[in-house]
Structure formats: structure tokens, C-alpha cells
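Each remark here refers to the structure printed beneath this line.
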Amino acid sequence: MKEVYEQNARVFKALCDPNRLMIIDLLKNGEKCACNLLEELNISQSTLSHHMKLLCDSGVINCRRDGKWMHYSLSMKGFTKANQLLAQIMEASVLIDFENSCCCE
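Below is the structure:
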């Protein structure tokens, strides 16, 4: 059970950084080579590698090697899972009457 929470935490950690959100936005139009991402983001190779590792490990980004270059694309499976998790959280919160749920006076 703890593994599920750890994987969910990896997904949300991957989505809570402005640079990673920009990367996701750039990839929504299709696969891009790391060299193109570097140009568009104006960040160092090591910074891009750090962000891509977190995104790939979380499952929201796919990667493939072509010679010396890495190519990245969005993982629909990863985003579907993240969307389902958010929907479950929201569904549970709708069932709770927050105004009347506190027992403190």
C-alpha cells in the first residue's frame, strides 16, 4: 500500500515545479529532442537532465534514445493515472460536509 502512495507522491512532485510544467507544456504538441528543449527553456544540460529524470521516473513522460540524443513525449497513461487520482480526491472531498465536520468548539 505504501508503494502506491510513494508513486503518487512522485507524480505530484514532478508536477510541482515551474520548469517541469513548462516542459510538459512544450511536449503537449508532440515529441521533442532534448536539444530542442534546451533551446526553448534556456537552461543547462544538467538542469534539464534533473527535471527529465523526475518526470520520467514519475511516469508522466516517456523517453527514448536515438543515438546520442534523448527524445521525450507525454505519457497518456501517466497523465490518465494522475487525473484519476485527482478525481478520487475531489470525489471524496465532495462527500464530506466540511462546515459541520469539526468537533471543536
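For what it's worth, this note's numbering labels the leading residue of the sequence shown as -8, then goes sequentially. Note that the Cβ used here is the ideal one computed from N, Cα and C, for glycine as well.
(message) Could you give the first and the last residue of the continuous alpha helix (DSSP H) run that contains N(-1)?
(response) As a position in the sequence shown, residue -1 is number 8, starting the count at 1. -7 to 5 is the span of the alpha helix (DSSP H), which, as asked, contains N(-1).
(message) Taking the alpha carbon of N53 as the reference point, which residue from L39, K68, H41 has its own alpha carbon closest?
(response) Numbered from its first residue, the sequence shown carries residue 53 at position 62. It is K68 whose Cα lies nearest to the Cα of N53.
(message) If you reduce the DSSP assignment to three classes, tell me which class N10 lands in.
(response) Reading the sequence shown from its first residue, position 19 is the one you call residue 10. Of the three classes helix, strand and coil, the one that applies to N10 here is helix, per DSSP.
(request) Measure the beta-carbon distance from E22 to S64 and round it to whole angstroms, keeping in mind my assumption that it falls under 8 Å. (result) By 1-based counting over the sequence shown, the position of residue 22 is 31. By 1-based counting over the sequence shown, the position of residue 64 is 73. So it is a contact: roughly 4 Å between Cβ atoms.
(message) Our contact map puts S174 next to A5 with C-beta atoms below 8 Å; I'd like the distance itself, whole angstroms only.
(response) Lying outside -8 to 96, the shown extent of the chain, residue 174 is not represented and no answer is given.
(request) Could you tell me whether the Cβ atoms of L32 and L39 are closer together than 8 Å? (result) Within the sequence shown, the letter at position 41 stands for residue 32. Within the sequence shown, the letter at position 48 stands for residue 39. Going by C-beta atoms, L32 is nearer than 8 Å to L39.
(message) Do L28 and I15 count as a contact pair if the criterion is CB distance below 8 Å?
(response) Counted from its first residue, the sequence shown places residue 15 at position 24. Counted from its first residue, the sequence shown places residue 28 at position 37. No, the Cβ-Cβ distance between I15 and L28 is not below 8 Å.
(message) If you reduce the DSSP assignment to three classes, tell me which class N27 lands in.
(response) Your numbering for residue 27 matches position 36 in the sequence shown. N27 falls in the helix class under three-state DSSP.
(request) Look up I52 in the DSSP assignment and say whether it is helix, strand or coil. (result) Reading the sequence shown from its first residue, position 61 is the one you call residue 52. DSSP places I52 in strand when its eight states are reduced to three.
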